[in-house]
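Enquirer: Note that numbering that gives the first Met the number 0 has the sequence shown beginning at 0, numbered continuously upward.
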Amino acid sequence: MQVGLRVVLGVTGSIAAYKAVEVARLLKKRGADVQAMLTDGASHFVTALTFEAVTGRPARRTVWGMSGEDLRKIEHVEDAYAADRILIAPASANFITRYTHGFADDALTATLLSTSAPVWVAPAMESNMWRHPATQANVATLQGRGVRFLGPTTGDLASGRTGDGRMWAPERIVDAVLGDGAAQRTDLEGLTILVTAGPTWEPIDPVRVLTNRSTGAMGLAIADRAAERGARVRVVLGPTHLAPSVPSVALTRVESAVDMLAAAEAAADDIDVLIATAAVSDYRPADPRPRKLKRSDPAAATLALAENPDILATLSARLRPRSASVTIVGFAAETDDVVRHAQAKLSRKGCDVVIANRVGPDRGFGAGETEVLAITASAPPVPFGPADKAGVADFVLDQVLELRRQRSGS
Ligand code: CTP
């Protein structure tokens, strides 16, 4: 890990709070710069002073703190921007509920609402509280937003009973957060995922094409993250200078929409998940010329177009009847009325989820940070971002896992 990585350590009201002192100590020992934040509940078990002594920084409690020479820096906002990673250990049931619902009434929840840093949560509570549908629904919502859960595990609980709800050991928590926690996930193992990505080139003549501004970066980020998380990944990629970074990703390069459909069909037989990110040209020149079109040719001023196949709709119509368990993800880049257009695509193209974003002159294709909405038939849109492409990729893959979990009823 980088020395000096800023880790916010949130401590909430659970008896396991005494173990958070050890978490803070291990984080420090491994070179992290630790900012502790205690909820009111946590202060019933441990004191701010303990964490201050271990971390060398004032522990935060409330949202009312100002700092800086002229006292104009709002602490939780500054902490949120400064954080490289945020870990909540232990996370009580009450905290998980407040976090899910966007409360911001103490330093920790306000920081979480203001940050774009990755978040890890290590729950600790009585088994029945952990298993309660309210807690489980909150956990699923947070996972859908990209929050990573560490445990809990089964063992002795504060009540004297044995069951699930015990916090992971401090060493294990610190390993997960300081190792490249994201890269260590293997939650897609066993799944075969097909991704379409990039633009298409529709030939006008041997030197000219109809195309669009897509770079393929989003689809490639999804392919890379899926492979890192253990999936077998195939990518059918339109013309772009980019390529997958993870060597295990199987790549087929194509140019036109018709070729992309053929390559995707050939790769789709045994897949569990289809993620269609390609920006396919809706139309192609109806009559591509074998020789370069001359300026003087009357045909040069007007292009007759033929409609391209819809790759996503074709594949979903083919895959659905064969496999009840296939998960299909579409993308919708829209300039206006994002949710309505995405909902229409959800049903028209037979998708389980459509990832929608707004594009325009100032945002979208190629832009560094992206904000998206996950649109499904059964739940309100789930917003995510702004985040980099790897962050959005993880979010999309988390949505896939959540849909599969819901479908299997587990
Ligand atoms: N798509 C596809 N094949 C096409 C067109 C689109 O597979 N010929 C997929 C895209 O990869 C994306 C989704 O369908 O996942 C939506 O793409 P979009 O271009 O927004 O859809 P269109 O049907 O072209 O809708 P419109 O142009 O009316 O917005």
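Think of the CB as a built atom: it goes at the ideal place given N, C-alpha and C, for glycine as much as any other residue.
Once DSSP output is grouped into helix, strand and coil, what is the label at residue 152?
Expert: Reduced to three states, the DSSP call for residue 152 is strand.
Enquirer: Please state the DSSP three-state secondary structure of residue 384.
Expert: Strand.
Enquirer: Residue 162 to residue 244, Cα distance in whole Å?
Expert: Going from the Cα of residue 162 to the Cα of residue 244 covers about 42 Å.
Enquirer: Between residue 398 and the rest of its own chain, which residues show a CB-CB distance below 7 Å, the 5 nearest in sequence each way excluded?
Expert: So the qualifying residues of the chain are 143, 352 and 373.
Enquirer: What do you get for residue 65, buried or exposed, if any count of 16 or more other CB atoms within 10 angstroms of its CB means buried?
Expert: Under this definition residue 65 is an exposed residue.
Enquirer: Between which two residues does the beta strand (DSSP E) containing residue 9 stretch?
Expert: Run containing residue 9: 5-10, per the beta strand (DSSP E) assignment.
Enquirer: Expressed to the nearest angstrom, what Euclidean distance is found between the alpha-carbon atoms of residue 126 and residue 213?
Expert: So the alpha carbons of these two residues sit roughly 48 Å apart.
Enquirer: Is it the case that the Cβ atoms of residue 348 and residue 311 are separated by a distance below 7 Å?
Expert: Going by C-beta atoms, residue 348 is nearer than 7 Å to residue 311.
Enquirer: CB-CB under 6 Å to residue 10, same chain, minus the five flanking residues each way: which ones, in chain order?
Expert: Only 16, 19, 37 and 41 meet the Cβ criterion.
Enquirer: With which residues is residue 127 paired in a DSSP beta bridge?
Expert: BP columns for residue 127 are empty, so no partner.
Enquirer: With a 10 Å radius around its C-beta and 16 neighbouring C-beta atoms as the bar for buried, classify residue 368 as buried or exposed.
Expert: The residue in question, residue 368, is exposed, as its Cβ has fewer than 16 Cβ neighbours within 10 Å.
Enquirer: I'd like the list of long-range same chain contacts for residue 146, defined as Cβ closer than 7 Å, with 5 residues on each side in sequence excluded.
Expert: The answer, listed in chain order, is 118 and 120.
Enquirer: Checking the sheet assignment: what are the DSSP bridge partners for residue 284?
Expert: The partner list for residue 284 (beta bridge, DSSP) reads 304.
Enquirer: I'd like the list of long-range same chain contacts for residue 113, defined as Cβ closer than 7 Å, with 5 residues on each side in sequence excluded.
Expert: Excluding sequence neighbours, residue 113 sits near 75, 76 and 79.
Enquirer: Is residue 310 a contact residue of ligand 1, with contact defined as CB to any heavy atom under 6 Å?
Expert: Checking the Cβ of residue 310 against ligand 1 gives yes.
Enquirer: Shorter than 6 Å, the distance from the beta carbon of residue 356 to the closest heavy atom of ligand 1, or not?
Expert: It does not: the Cβ of residue 356 is nowhere closer than 6 Å to a heavy atom of ligand 1.
Enquirer: Can you give me the Cβ contacts of residue 182 inside the same chain, cut-off strictly under 6 Å, excluding the 5 residues immediately before and after it?
Expert: In this predicted model, residue 182 has a pLDDT of only 45, less than 50, meaning its place in the structure is not dependable; the value taken from the coordinates is given anyway. Excluding positions up to five away in sequence, the list reads 227.
Enquirer: Please state the DSSP three-state secondary structure of residue 182.
Expert: Residue placement at residue 182 is poorly supported in this model, since its pLDDT is 45, which falls under 50; the coordinates are not used for a value here.
Enquirer: What's the gap between the Cα of residue 232 and the Cα of residue 359?
Expert: So the alpha carbons of these two residues sit roughly 30 Å apart.
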